[in-house]
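Accompanying notes for the structure given below.
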Amino acid sequence: SVRGVELRDEALRAAGAARQVDVVVELGAGEGARTGVRTEAGCAAVADAVAAAATLRLVGVAGYEGEVPEADPERVRAWLLRLTGLAAAFDAEGRFAAGIGEIVVSAGGSAWFDAVAEVFAELPALSLPVLKLLRSGAYVSHDDGHYRHLTPFNRVPGEGALQPAFRLWSQVVSRPTGEQAFTNAGKRDAAHDLHLPEAQVVRDARTGEIRPAEGVTVTGLSDQHAWLRTEPGADLEVGDWVGMGLSHPCTSFDKWQLIPLVEADGTVVDHIRTFF
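Going by my numbering, the first residue of the sequence shown is number 58, and it counts up by one from there.
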């Protein structure tokens, strides 16, 4: 926003910034979308504000197509064409800062990166080289819920597939009835903003044998516990471990500052540090 430009300029001036900070104008994904400027005229106003700020320089445009309302291939493509059209218009109007070596055009979550790649490939030549920046992140770990449903590979299965890399191991600490159990992982440990964890396998506490979590369903999470519903005959007792698939990598990574990296047999071979 214009006000955001003013605030950043004021802060940089107050800090005695010795060089200009590179910025991009974000095109909003539509009416009601979360962030970004919703009209091309509004984007031009922000670009003008950047040009008037001695501490900033405009180097490109960006957006997030994952926020397109009622997203489908046609709506996402239409918005992406608006984004690349904005880049071309800004270039033709001389709005990008003098002296930059390339123009940044950036988009991309993990649900529509195929559409982003296709539309970016169609971008006509501009006056400078273009850095086509895809910002997908969830593909790193994929998941067993939200992105399992949304992944572009569902639309183009011949291109391959992503495999989920997260598994949360949670130990059964209570088995009060034949229809209920509790494990020792909850909202502090597992993503739960979009879907609850999915019980997938059970590791037997006595033998170490791993078997499918048949008849076991996560029905809720408390701060430190998962609520499990168990069907008659479900093989689960206190001490057993339940391996759970997670949904939504974005809110899985932020639960853990140090994530064990394991081989297929469960051997820990490294740790991944996160910074959220």
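Cβ atoms here follow ideal geometry from the backbone N, Cα and C, with glycine treated the same way.
- For Ala149, the enclosing alpha helix (DSSP H) stretches over residues 130 to 149.
- Per DSSP, Ser279 has no beta bridge partner at all.
- According to the DSSP secondary-structure assignment, Leu207 is paired through a beta bridge with no residue.
- Residue range 237 to 240 is occupied by the beta strand (DSSP E) that includes Ala238.
- Closest in C-alpha terms to Ala75, from the list Val82, Asp66, Glu83, Ala149, comes Asp66.
- If you ignore the 5 residues before and after Glu88, its C-beta comes within less than 8 Å of the C-beta of Arg95, Pro126, all in its own chain and listed in chain order.
- Rounded to whole angstroms, Ala108 and Ser163 show a C-alpha spacing of 20 Å.
- By the Cβ rule, the segment 142 to 154 counts as touching the segment 105 to 120, because three or more pairs are nearer than 8 Å.
- Out of Ser193, His328, Val295, Gln77, the CA that lies nearest to the CA of Pro233 is found in Val295.
- Under DSSP, Trp284 takes part in a beta bridge, and its partners are Phe239, Gly277.
- Excluding its 5 nearest sequence neighbours in each direction, Asp327 has C-beta neighbours in its own chain below 6 Å: Leu318, listed in chain order.
- Straight across, the Cα-Cα distance linking Arg245 with Lys312 is about 6 Å.
- The residue from Arg263, Asp297, Ala256, Ala247 with its alpha-carbon nearest to that of Ile316 is Ala247.
- In its chain, beyond the 5 residues on either side, Pro317, Leu318, Val319 have a beta carbon closer than 8 Å to the beta carbon of Val325.
- Approximately 7 Å separates the beta-carbon atoms of Pro254 and Gly302; this is inside 8 Å, confirming the contact.
- Look at the segment 149 to 197 and you find these whole runs of alpha helix (DSSP H), each 4 residues long or longer: 170 to 178.
- Counting along the chain, Thr234 sits inside the beta strand (DSSP E) bounded by residues 225 to 234.
- Using a Cβ distance threshold of 8 Å, Ala242 and Ala256 do not count as a contacting pair.
- In this structure, DSSP gives Gly99 a helical state, which the three-state scheme calls helix.
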